[in-house]
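Just so it is clear: in the sequence shown, position 15 is 19 by our numbering, and no numbers are missing.
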Amino acid sequence: MSISVPDINLRIIAPALLVSITALVVLMGELFINNKRALGYLSIAGLIFASFAAFALWGSNASAFRGMIAADNFGLFLTLTILIGAVFSILLAMDFARTHALAQGEYYVLVLGSVAGMILMATATDRIVIFLGLELLSLPLYILAAFQRNNTYSLEAGVKYFLLGAFSSAFFLYGIALVYGATGTTNLLQVAGTLSRVTNTTNGLALVGAGLLLVGFAFKVALVPFHWWTPDVYDGAPTTITAFMSVAVKAAAFGAFIRAFVFAIPPQAIEWRALVAVIAVMTMTLGNIAALLQTNIKRMLAYSSIAHAGYILIALVVGETATASSLYYILAYTFTNLGAFAAVIALADGERERLKISDYAGVARDHPRVAAAFAICLLSLAGFPPFAGFVGKFLIFGSAVENGWTWLAVVGVMNSVVSMYYYARPIVEVYMHDGSADWERGVKIAPLVGIALLIAVIGVIALGIFPSGAVALAQSAFVK
5 MSISVPDINL RIIAPALLVS ITALVVLMGE LFINNKRALG YLSIAGLIFA
55 SFAAFALWGS NASAFRGMIA ADNFGLFLTL TILIGAVFSI LLAMDFARTH
105 ALAQGEYYVL VLGSVAGMIL MATATDRIVI FLGLELLSLP LYILAAFQRN
155 NTYSLEAGVK YFLLGAFSSA FFLYGIALVY GATGTTNLLQ VAGTLSRVTN
205 TTNGLALVGA GLLLVGFAFK VALVPFHWWT PDVYDGAPTT ITAFMSVAVK
255 AAAFGAFIRA FVFAIPPQAI EWRALVAVIA VMTMTLGNIA ALLQTNIKRM
305 LAYSSIAHAG YILIALVVGE TATASSLYYI LAYTFTNLGA FAAVIALADG
355 ERERLKISDY AGVARDHPRV AAAFAICLLS LAGFPPFAGF VGKFLIFGSA
405 VENGWTWLAV VGVMNSVVSM YYYARPIVEV YMHDGSADWE RGVKIAPLVG
455 IALLIAVIGV IALGIFPSGA VALAQSAFVK
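Now the structure itself:
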């Protein structure tokens with residue numbers, strides 16, 4: 005009797021493995037290291053080593069574990085984007101956690117555990133592994149959302165995120181079961197081959213299963229009408245976690261989304277593209293309109309993130325030819341949104357954060373550099389040249405026009421115009437209004453937060469003025 009030996013290759017999962025090992029080292033180190041900031045530096049070092057491991061795998065296009073995980077450029081690009089988001093999150097958290105009396109060791113371990121799940125999700129080519137990655141990234145985030153135990157809004161955010169996340173996971177798992185029943189496999193490449201012979205319109209089981217999978221993905225990336233958790237969770241969670249969730253979760257979930265719905269569904273399934281196009285329009289429009297009505301900066305950025313999910317969704321509608329555009333957009337959005345949240349954290353007065361947009365009045369007088377960085381990031385989110393956000397939107401809308409989705413690109417441009425109003429409001433407050441006496445002048449900016457903000461702004465400007473390098477990497481990450 006022959007025994008089948010699985011192709012176990014730990015090199016393929018080296019980035020996730022290094023992050024997991026770092027989490028264990030930090031967990032053990034908390035028992036012996038009194039200086040908790042050292043745990044933060046240790047976490048960043050582990051993330052940097054994981055980035056080197058991802059770069060070392062670039063171009064290998066290898067797979068392991070019976071084709072369940074692929075070290076292709078597509079997954080590695082998203083892995084690097086996730087790691088960037090994680091490094092920023094820990095840089096922002098090192099002073100934030102001390103100021104807000106948070107347990108730093110547990111914080112870093114939970115972030116690292118979530119990052120391992122995100123990498124697994126982004127590199128998975130099997131629906132079961134995607135689900136495992138989804139749960140691994142979600143469980144730590146449920147805790148992190150409620151990490152400020154003395155803050156009722158934080159506790160509420162954690163409970164809401166957990167309950168709604170459990171429901172979305174149930175939909176996702178049931179969708180996997182139905183698609184497996186229709187195709188006999190959970191491997192995305194094998195599913196693609198099966199569905200190319202049996203179309204969705206003639207196979208009701210696969211149709212319903214794919215719909216349930218769509219619900220699961222839509223929750224994680226905050227697509228309308230599965231977005232309702234986003235404003236409350238982003239508002240209640242610690243600001244450093246809000247920043248992390250807004251970029252890293254999107255990168256991982258959209259990566260799996262693209263594999264499952266662009267590469268694994270045959271091109272002739274035009275009805276799916278039409279449905280996703282409608283969802284993209286609703287997501288962009290509702291996100292921008294709701295953001296117009298906000299007076300809280302975190303809720304405004306939450307609705308903004310919903311709108312940006314709609315822009316990225318345009319690339320999924322267009323199909324495989326827009327994959328590079330979506331990857332570049334995710335990278336640009338990562339630097340831009342992290343920069344905006346870094347400015348919010350930098351301008352806090354100790355434990356007291358400037359949550360109302362009106363609280364930013366006169367900031368340019370006391371903190372001109374932070375104000376300029378904040379303005380650059382907001383202008384990039386709005387899509388102003390010469391910043392990264394403009395190039396990202398140009399690439400996605402251009403791909404839509406080139407592939408016959410002109411009306412969708414027009415809707416996207418119109419939504420971008422609407423967004424300029426609410427992104428301009430904080431800038432107007434910063435530069436054109438006098439500051440309030442309620443806020444202490446000359447608040448010292450934490451050095452690590454300042455470094456994170458500087459790196460984010462450099463990334464926003466560099467990706468906007470010199471986009472060719474990042475675009476080339478994104479194009480090399482294109483897979484069929």
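Glycine included, every Cβ here is placed at the ideal spot set by N, Cα and C.
All figures in this text were calculated on a predicted structure; none of them were measured in a lab.
Other residues of its chain near residue i: CB distance less than 7 Å, five sequence neighbours each side excluded
| i | result |
| --- | --- |
| ARG263 | THR129 and LEU192 |
| MET5 | Low local confidence applies: a pLDDT of 46 at MET5 is under 50, so the model's placement there is unreliable, with the coordinate-based value given in what follows. Contacts found: none. |
| TYR184 | THR190 |
| GLU433 | ILE361, SER362, TYR364 and ALA365 |
| ALA74 | SER67, THR127 and THR129 |
| PRO271 | For PRO271, the predicted model reports a pLDDT of 49, less than 50, meaning its position is unreliable; a value from the coordinates is still stated below. The answer, listed in chain order, is GLY323. |
Cross-strand partners of residue i (DSSP beta bridge)
| i | result |
| --- | --- |
| ASN300 | LYS360 |
| ILE73 | ALA68 and ALA128 |
| ASN292 | According to DSSP, ASN292 bridges with nothing at all. |
| ASN491 | With the chain covering only 5 through 484, there is no way to say anything about residue 491. |
Spatial neighbours of residue i in its chain, beta-carbon cut-off 6 Å, leaving aside the 5 residues before and after
| i | result |
| --- | --- |
| PHE223 | SER172 and PHE230 |
| SER118 | LEU141, PRO144 and LEU145 |
| ARG277 | VAL321 |
| ASP239 | LYS302 and ARG303 |
| ALA441 | Model confidence at ALA441 stands at a pLDDT of 49, short of 50, so the residue's coordinates are unreliable and nothing is read from them. |
| ILE48 | VAL91 and ILE94 |
| LEU467 | ALA336, ALA392 and ALA474 |
Expected contact under 8 Å - CB spacing of residue i and residue j to nearest Å
| i | j | result |
| --- | --- | --- |
| GLN108 | LYS40 | 4 Å |
| LEU382 | ALA344 | 6 Å |
| ILE310 | PHE258 | At roughly 13 Å, the Cβ-Cβ gap does not stay under 8 Å, so ILE310 and PHE258 are not in contact. |
| PHE69 | LEU22 | With 8 Å as the limit, PHE69 and LEU22 do not qualify as a contact, their Cβ atoms being about 17 Å apart. |
| LEU51 | LEU87 | 5 Å |
| ALA478 | TYR332 | 4 Å |
| ALA350 | ILE449 | 5 Å |
| SER403 | ALA326 | 4 Å |
| ASN154 | THR289 | The Cβ separation is near 38 Å, so there is no contact. |
| PHE261 | VAL225 | 7 Å |
Top-ranked residue by Cα proximity to residue i, from the options
| i | options | result |
| --- | --- | --- |
| LEU342 | GLY220, ALA466, LEU458 and MET122 | LEU458 |
| LEU305 | THR340, ALA257 and VAL421 | THR340 |
| ILE180 | GLY162, ILE132, GLY137 and ALA170 | ILE132 |
| GLU34 | VAL422, GLU110 and GLY454 | GLU110 |
| TYR426 | GLY454, LEU177 and GLY291 | GLY291 |
| PHE470 | SER403, GLY396, ALA481 and GLU406 | GLY396 |
| ALA476 | ALA328, LEU399, LEU168 and ALA368 | ALA328 |
| ALA346 | GLY79, THR244, ILE134 and GLY463 | THR244 |
| THR338 | PHE176, ALA284, ILE17 and VAL91 | VAL91 |
| SER93 | ALA481, VAL453 and SER472 | VAL453 |
| ASP438 | LEU297, ALA170, ALA474 and VAL367 | VAL367 |
| LEU182 | LEU209, VAL113, SER158 and VAL405 | LEU209 |
| LEU297 | SER64, ARG373, ARG429 and LEU168 | ARG429 |
Cut-off 8 Å between Cβ atoms - residues of its own chain near residue i, not counting five sequence neighbours on either side
| i | result |
| --- | --- |
| TRP1 | Outside the shown range of the chain (5 to 484) lies residue 1, about which nothing can therefore be said. |
| THR266 | For clarity, residue 266 is Val in the given sequence; the question names Thr instead. Cβ within range, chain order: LEU320, GLY323, GLU324 and THR327. |
| ASP236 | GLU160, ALA161 and LYS164 |
Residue i at chain D interface by Cβ criterion, 8 Å
| i | result |
| --- | --- |
| LEU35 | Protein chain content of the structure displayed is limited to a single chain, and chain D is not contained in it. |
Pairing CB atoms from the segment 97-104 with CB atoms from the segment 22-32, are three or more of them under 8 Å?
-> no
Is it true that the segment 449-466 meets the segment 408-424, where meeting means three or more beta-carbon pairs spaced less than 8 Å apart?
-> no
At least three beta-carbon pairs within less than 8 Å, the segment 239-258 to the segment 210-218 = no
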